[in-house]
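Asker:
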Amino acid sequence: MVTNKKEIEMTHMKYSWIFGLLGLFMLSSCEDYVDIEIPQQEKRIVAYSFISPQDTVIQVFVGNSLPLFAGSQNIQFEPELINATVRLSDGINEIIIPFNTQTLNFEYSTSDYPIVSGTTYTLTIEVEGYETVTAQTTVPMQTPHFTSTELMLLHEGSSNGFEPQDKYAIDMKWNDIAGTENYYSVNIFSTYGEYTNADARYYYTDKDADGTTLSRRAETYSYYYPEGGIEPSFRIYLLNVNKDYYLYHRSIQNITYGDPFSEPSMVYTNFENGLGCFGAFNGSSVLLD
Amino acid sequence: MNRLYLLICTLFISNGLWAQTLQPQKFTISGTIYEKGSGETLPGVVAVYEKENIGTASNAFGFYSITLPTGEIELTYRYVGFAPQTLHFVLDKNIKQDIYLENNSTLAEVEVSAEKQERISEETRMSTIEIPVDQIKNIPALLGEKDVLKAVQLLPGVQKGSEGSTGLYVRGGGPDQNLIILDDATVYNASHLFGFFSLFNGDALKSVELTKGGFPARYGGRLSSVLEMRMKDGNKEKLHGEAGIGLLSSRLTLEGPVVKGKSSFLVSGRRTYIDIISQPFIALANRGEGTGGYFFYDFNAKYNHTLNDRNRLYISGYFGKDKFYFRSKYQDDITRGNFRWGNATATTRWNHIFSDKVFANTSLIFTNYQFGIGLEERFGTDNFSLNYTSGIQDWSVKYDLDFVPNPNHYVRVGALFTYHRFKPSATVVKGTFVEDNKREADVISSYENGIYAEDDWLITEKLKVNYGVRLSHYYAQGKNYLRPEPRISARYMLAKDLSLKASYALMNQYVHLLSNTGVGLPTDLWVPATSQVGPQQSQQGAIGLAKDLPQHNLMISLEGYYKTMDGVIAYRDGASFLDTDVSGNGQVDNMSWQENITTGTGRSYGGELLFQRKFGKLTGWIGYTLSWTKLKFDELNFGKEYFARYDRRHDISVVGIYKMSERITLSATWVYGTGQAITLPLATYPIIEHSPGFDHTNTTSSLIYNNAQDYGEKNGFRMKPYHRLDVAAQWHKELKRCTKTFELGFYNAYSRKNPFFYFIQLENDGNGNYRNRLKQISLFPIIPSVTWTYKW
Chain A
416 MVTNKKEIEM THMKYSWIFG LLGLFMLSSC EDYVDIEIPQ QEKRIVAYSF
466 ISPQDTVIQV FVGNSLPLFA GSQNIQFEPE LINATVRLSD GINEIIIPFN
516 TQTLNFEYST SDYPIVSGTT YTLTIEVEGY ETVTAQTTVP MQTPHFTSTE
566 LMLLHEGSSN GFEPQDKYAI DMKWNDIAGT ENYYSVNIFS TYGEYTNADA
616 RYYYTDKDAD GTTLSRRAET YSYYYPEGGI EPSFRIYLLN VNKDYYLYHR
666 SIQNITYGDP FSEPSMVYTN FENGLGCFGA FNGSSVLLD
Chain B
16 MNRLYLLICT LFISNGLWAQ TLQPQKFTIS GTIYEKGSGE TLPGVVAVYE
66 KENIGTASNA FGFYSITLPT GEIELTYRYV GFAPQTLHFV LDKNIKQDIY
116 LENNSTLAEV EVSAEKQERI SEETRMSTIE IPVDQIKNIP ALLGEKDVLK
166 AVQLLPGVQK GSEGSTGLYV RGGGPDQNLI ILDDATVYNA SHLFGFFSLF
216 NGDALKSVEL TKGGFPARYG GRLSSVLEMR MKDGNKEKLH GEAGIGLLSS
266 RLTLEGPVVK GKSSFLVSGR RTYIDIISQP FIALANRGEG TGGYFFYDFN
316 AKYNHTLNDR NRLYISGYFG KDKFYFRSKY QDDITRGNFR WGNATATTRW
366 NHIFSDKVFA NTSLIFTNYQ FGIGLEERFG TDNFSLNYTS GIQDWSVKYD
416 LDFVPNPNHY VRVGALFTYH RFKPSATVVK GTFVEDNKRE ADVISSYENG
466 IYAEDDWLIT EKLKVNYGVR LSHYYAQGKN YLRPEPRISA RYMLAKDLSL
516 KASYALMNQY VHLLSNTGVG LPTDLWVPAT SQVGPQQSQQ GAIGLAKDLP
566 QHNLMISLEG YYKTMDGVIA YRDGASFLDT DVSGNGQVDN MSWQENITTG
616 TGRSYGGELL FQRKFGKLTG WIGYTLSWTK LKFDELNFGK EYFARYDRRH
666 DISVVGIYKM SERITLSATW VYGTGQAITL PLATYPIIEH SPGFDHTNTT
716 SSLIYNNAQD YGEKNGFRMK PYHRLDVAAQ WHKELKRCTK TFELGFYNAY
766 SRKNPFFYFI QLENDGNGNY RNRLKQISLF PIIPSVTWTY KW
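Just so you know, the protein sequences line up as chains A and B, in that order.
Residue numbers for the first sequence follow my numbering, beginning at 416 and rising by one.
Residue numbers for the second sequence follow my numbering, beginning at 16 and rising by one.
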């Protein structure tokens, strides 16, 4: 698979070449500036927050967009965002989330204001000099659980051109929540001693399979530490994610970099007057070793 | 019982006798209409019995038939650009009468009364425009190349794609929704040089007709238009030729008799020499390190033979090829590449006249289209090569029957059976660092069939209706589609020379064109409807008024239309045709292009106004179109409706050809179009991917993933409008044995910098700051051209 990817990258480069040469070949071609007014050239707030009843700390990342044509392209992150007012509300109670100067995020501990399943939350961010942004998301009602998980060592020390690796497969089964449109995210982390890696991430829907038992297999390679065969343990998360979470994460998967023939990828946002994603999930996890 | 039986018989017989004596006898006049001198059959000639205003028209092969009551009859035959003829008949039996009409341009100073020209108001068919091939030859064109598709793009309701391309976007439909037929054979990729020129050599064509709506039942297979081109048969009397030498290419056409009066041939060829001319320029631009070139050639041939007065045989073919190649060398790194594509078509047709009222044509058709991309790189001792080909082959049998029982009905029935062989892709990769890899997508076979029945019914003198149905069938990969397509169009004469027309048509399309960039690079793939990706369907309603002003030789048509399309396909966000071979887990998957596309709906509506003059000193047309085209895909633009790239609010074309004298012809074209809708990145911003860790060992802030572009709405940005003026002048000189024409033309006479595509460039503004600027590449400033043509 890596081989194919490499070929494709090389052909991508080659086609950029062709493209360039084509331009050269157009004997009478002419380059000129376009003086049309381009819309939406003010900086906008970009925010991300993914909440769940299970998290002990809720974080909100706040940043800004950089309009491509409005000014200098040198600076990306604006310092005034530290003074943003970040409000989280469930319609009855509200909390203002403070900025944590150590983690550089807006965050709070959920003991002050827990996240409740089935509730719709509104996130509002105000910064001077920017338009106020707001988004809403509903936390999924049910927590999904794996009905069975099985870890198998498929192949010892298989080589893919880099350090020799073991290949593992994890078979997972869980029951889909019947009657509603569901989206799932499966995240696999492997831990070797004190090192934890994010190995793989998958997104699933229950389309055409509502209410049935979903079964999936994930394959992952583990790093073979030269210190001598440390056995990894795997932690797998099964998240019941809402539509906002799913649409956003799927849309960022579509982005390709470097292919002049690819279509532009639009990234999902549910913020009004801004960009980013406010999503929610309800999850559980299992440890395998 | 016996008595009852006898009574009934008597009633029948007496009824029969009564009917016989009361109704006058009718006889049929039929035959074939030819051009005097060349023997070319003439389609669409009107034969009319003026006293009672009963008439008919000759069909595509020149056959006509009219059934009239016995007596003394005068029939007048009329055709644009030809002198009318009136013949006297004593109609007491069926008469076979072939007609030879004389071309007006060979007559000296004939003042043809405009009364006798064909009337657009009398035609049932609406949304149809016929461009006389002579007009196409007189329209100024890019580099002097007379181009059929370029001329068609100048008509209202038809947009072009980007600068220079020959793609047709008819009433909101994409370039794959046009049925382009050359002598009954479907042509898949109708362009040379990345779309700058069409395949069709005007010297070899007899007629060009574009239908945008109200499609009669005999057409099917594409949603938006039918562009039917018929090749000339070949002069049956004398050997004639035409040679043209231009800046870009040269062409030669030869036609003549094989057996005088019975059979004739026509051959026509064209080749470009851009590669030879541009070699030194490219080498210079690349500092001797690179070279490249492009060439195309095409060849048309036709042979026709009259077996007897009831049978004729035609064999026609087309063959063409394009190749773009480049080679570059940088130190030890040598790169070589090419794009190549080609079309071939062959048709055998047999006309059979069964009787005075029944005419049939049988065609055997073959079409082949192929394109390939090759790439080879050598660095030192290492090498890498990639070869990609894709193609489609069609084998068809077509049968059409014309039955003219009386002047009030013109019945057509027929069938078309096509076997498609698609080879979406085949890739061969070799190299030092890669495993030798040959991935060949399986051939996908499909069958596309249709049978139809239609009738042109003159209900009253004022009301004429063309109604019919086409039953289309498609089979691929075990799945059958059977879809009826009702068609109806009608005209109602509100007054003499003014009619109201309306039409409705349902069309199905079983092949799709996967188009990636809008640049017109031949990375377009033809793919069939499969069990996973269904066919496209459209419904179109149109209403209009048509007026003839015979005293000014003018036709005016005003039409409004509304069209919906279903099953339209597009690439998903981020998809690329280069991915078409590799599916998500790296497995060889010949159908994985299906994973890369998504389906949705579209709708288009608008109005078209056309003023056209086909005959006289000043000819040409003025067309204006106001239209909207929107698409809606669940997976694109987050399910919101958005404008199609080729949505063009205003489209204006003015074409004028002025015959100043016998020796000089002047022509000019002016076009205007609203800019295309593109997706422009407006801002860049960070994106993060969430990673769970309920006890927060993985914080989101450590996962700033990358940057993404904010595009706003899909296709939410308009490029600058496009407008351009072309002018040309022709000098004709009659020499002893031939006619010599010299043409001087200017394309883009006021050198407007029309955008070809936009790109963004990061520039240093001098203070150490980097700013993005939106820039455009425009292709053609003012370009002069000279062409010499010899005709004998």
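Yeah, the Cβ is synthetic: ideal placement off N, Cα and C, and Gly gets one too.
So, under 8 angstroms CB-CB, B:Lys413 and B:Asp741 are touching, yes? Tell me the CB distance rounded to an integer number of Å.
Answerer: Actually they do not touch by this definition, with Cβ atoms about 38 angstroms apart.
Asker: Within the chosen definition, does the region 243-261 of chain B reach the region 169-176 of chain B through at least 3 CB pairs nearer than 8 angstroms?
Answerer: No: fewer than three Cβ pairs fall under 8 angstroms.
Asker: State the DSSP-derived secondary structure class of B:Gly189, mapped to helix, strand or coil.
Answerer: If DSSP states are grouped into helix, strand and coil, B:Gly189 belongs with coil.
Asker: According to the neighbour-count rule (16 or more other Cβ atoms, all chains shown, within 10 Å of its Cβ), is B:Gly535 buried or exposed?
Answerer: Residue placement at B:Gly535 cannot be trusted, given a pLDDT of 43 that sits under 50; what the coordinates show is reported in the next sentence. Buried is the call here.
Asker: Can you tell me whether B:His705 is helix, strand or coil according to DSSP?
Answerer: B:His705 falls in the coil class under three-state DSSP.
Asker: Any contact between the region 654-664 of chain A and the region 625-632 of chain A? By contact I mean 3 or more CB pairs, one from each, below 8 angstroms.
Answerer: Touching, no.
Asker: Assuming B:Val669 and B:Thr689 make a contact with CB atoms under 8 angstroms, what is their CB distance in whole Å?
Answerer: B:Val669 to B:Thr689, Cβ: 16 angstroms. No contact.
Asker: Let me see if you follow: with CB-CB separation under 8 angstroms, is A:Gly698 close to chain B or not?
Answerer: For A:Gly698, the answer is yes, since a Cβ of chain B falls inside 8 angstroms of its Cβ.
Asker: How far does the alpha helix (DSSP H) with B:Leu164 in it extend, from its first residue to its last?
Answerer: Counting along the chain, the alpha helix (DSSP H) containing B:Leu164 begins and ends at 163-167.
Asker: Which of the residues in the region 557-568 of chain A, read from start to end, lie with their CB under 7 angstroms from any CB of chain B?
Answerer: Residues passing the 7 angstroms Cβ filter: none.
Asker: Between the alpha carbons of A:Leu442 and B:Phe626, how many angstroms are there, rounded?
Answerer: Residue placement at A:Leu442 is flagged as unreliable, the pLDDT there being 43, under the threshold of 50; a coordinate-derived value is accordingly withheld.
Asker: Grab me the residues of A:Leu703's own chain with a C-beta within less than 8 angstroms of its C-beta, minus the 5 sequence neighbours each way, in chain order.
Answerer: Excluding residues within five positions, the ones whose Cβ falls inside 8 angstroms are Thr564, Leu566, Ile585, Ser648, Phe649, Arg650, Ile651.
Asker: Does the separation of the CB atoms of A:Asn697 and A:Thr537 fall below 8 angstroms?
Answerer: The answer is no: Cβ separation not under 8 angstroms.
Asker: Looking only at its chain, what residues have a beta carbon closer than 6 angstroms to the beta carbon of B:Ala72, apart from the 5 residues adjacent to it on each side?
Answerer: Excluding residues within five positions, the ones whose Cβ falls inside 6 angstroms are Gly59, Val61.
Asker: Grab the span of the alpha helix (DSSP H) containing A:Asp659 for me, first residue to last.
Answerer: Run containing A:Asp659: 658-668, per the alpha helix (DSSP H) assignment.
Asker: So the candidates are B:Leu573, B:Leu521, B:Phe732, B:Gly708; which of them puts its Cα closest to the Cα of B:Phe230?
Answerer: For B:Phe230, the nearest C-alpha among the options comes from B:Leu521.
Asker: Would you say A:Trp589 reaches chain B, if we count a Cβ-Cβ gap shorter than 8 angstroms as a contact?
Answerer: Chain B contact via Cβ: absent.
Asker: Does the distance from the CB of B:Thr56 to the CB of B:Tyr49 come in under 8 angstroms?
Answerer: Cβ atoms of B:Thr56 and B:Tyr49: closer than 8 angstroms.
Asker: Around the C-beta of A:Glu522, are 16 or more other C-beta atoms found within 10 angstroms, so that it is buried, or is it exposed?
Answerer: Burial call: buried.
Asker: In chain A, which residues lie with their C-beta within 7 angstroms of the C-beta of B:Ser706?
Answerer: In chain order: Asn602, Ala613.
Asker: May I have a chain-ordered list of the beta strand (DSSP E) segments no shorter than 3 residues that lie completely inside the region 660-704 of chain B?
Answerer: Taking only runs of at least 3 residues, the beta strand (DSSP E) segments lying wholly in the region 660-704 of chain B are 665-674, 679-688, 698-703.
Asker: For B:Asp313, list the residues DSSP reports as bridge partners.
Answerer: In the DSSP output, where bridge partners are listed per residue, B:Asp313 has B:Arg285, B:Gly335.
Asker: Have a look at B:Thr804 and B:Leu262 and give me their C-alpha separation to the nearest angstrom.
Answerer: For B:Thr804 and B:Leu262, the distance between alpha carbons rounds to 12 angstroms.
Asker: A:Ser504 to A:Ile510, Cα distance in whole Å?
Answerer: If I take the Cα positions, the gap works out to 6 angstroms.
Asker: From which residue to which residue does the alpha helix (DSSP H) around B:Gln609 run?
Answerer: Premise fails: B:Gln609 is in no alpha helix (DSSP H) and is neither H nor E.
Asker: Please report the residue range of the beta strand (DSSP E) in which B:Lys578 lies.
Answerer: Residues 569-586.
Asker: B:Leu789 versus chain D: which residues are under 8 angstroms apart at the beta carbon?
Answerer: No chain D appears in the structure shown, which is made up of the protein chains A and B.
Asker: Rounded to a whole number of angstroms, what is the C-alpha to C-alpha distance between A:Ile540 and A:Val601?
Answerer: The straight-line gap from Cα to Cα measures roughly 30 angstroms.
Asker: How about the region 413-424 of chain B and the region 381-392 of chain B: do they share at least three Cβ pairs that are nearer than 8 angstroms?
Answerer: With a cut-off of 8 angstroms, the region 381-392 of chain B and the region 413-424 of chain B do not count as touching, because too few Cβ pairs lie within range.
Asker: Beta carbon of B:Asn383, beta carbon of A:Phe484: below 8 angstroms?
Answerer: Not closer than 8 angstroms, so no.
Asker: Determine, for B:Gln724, whether the minimum Cβ-Cβ distance to residues of chain A falls below 8 angstroms.
Answerer: Interface residue, yes.
Asker: Below 8 angstroms on C-beta distance, what does B:Ala659 contact in chain A?
Answerer: Residues of chain A passing the Cβ test: none, with the nearest at roughly 14 angstroms.
Asker: Between which two residues does the alpha helix (DSSP H) carrying B:Gln150 extend?
Answerer: Start and end: 148-153.
Asker: Can you give me the C-alpha to C-alpha distance between B:Pro499 and B:Lys227, rounded to a whole angstrom?
Answerer: The straight-line gap from Cα to Cα measures roughly 20 angstroms.
Asker: Buried or exposed, going by whether 16 or more other CB atoms sit within 10 Å of the CB of B:Gly582?
Answerer: Buried, by the Cβ-count rule.
Asker: Along the chain, where does the beta strand (DSSP E) that runs through A:Gly626 open and close?
Answerer: Taken as a continuous stretch (DSSP letters only), A:Gly626 belongs to no beta strand (DSSP E), as it is neither H nor E.
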